[in-house]
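S.K.: The structure's right below; bear with me while I get my questions together.
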Amino acid sequence: MGVSLTGSGPSMAAMRSTAATVAASACLVFYCFGPMLSPVMQAAAASACNRLGDGSFRHYRLEWQVGLRPHWRCWDTRDAARPGVDLGWWVTPTR
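Set out below in structure tokens:
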């Protein structure tokens, strides 16, 4: 039996655990920031907000809100008392 100076190396269980942690972290980051970073989904949300603003971006503001339930929110800037419209996490792109 040989003796190693560097140790025995990572075990398969440790490698599986690390891979699962990395995959779960990537999924969480995508859930929180994926639609905001995707140009297609951001354009779809902007288009939906534009339809709500009667075709004028001067009257509506679009934001990505991160929390327990990340989502797009579109506000009417003409009426501050009116609550924003929740567009949801997924806005289906239109052609």
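Residue numbers for the sequence shown follow our numbering, beginning at 608 and rising by one. Cβ atoms here follow ideal geometry from the backbone N, Cα and C, with glycine treated the same way.
(1) Taking the beta carbon of glycine 660 as the centre, do at least 16 other beta carbons fall within 10 Å, making it buried, or is it exposed?
(2) Taking the Cβ atom as the reference point for each residue, do tryptophan 682 and proline 642 lie within a distance shorter than 8 Å?
(3) CB-CB under 7 Å to histidine 678, same chain, minus the five flanking residues each way: which ones, in chain order?
(4) If you reduce the DSSP assignment to three classes, tell me which class leucine 675 lands in.
(5) So, are the CB atoms of threonine 699 and alanine 651 less than 8 Å apart?
(6) Going by Cα to Cα distance, which pick from Leu644, Arg689, Ala631, Ala626 is closest to histidine 666?
M.R.: Based on what the coordinates show:
(1) It is buried - the Cβ of glycine 660 has at least 16 other Cβ atoms within 10 Å.
(2) No; because the gap between Cβ atoms is not below 8 Å, this pair is not in contact.
(3) Closer than 7 Å at the Cβ level, and outside the excluded window around histidine 678, lie Gln672, Asp693, Leu694, Gly695, Trp696.
(4) In this structure, leucine 675 counts as coil in the three-state DSSP scheme.
(5) Yes, they are a contact pair.
(6) It is Arg689.
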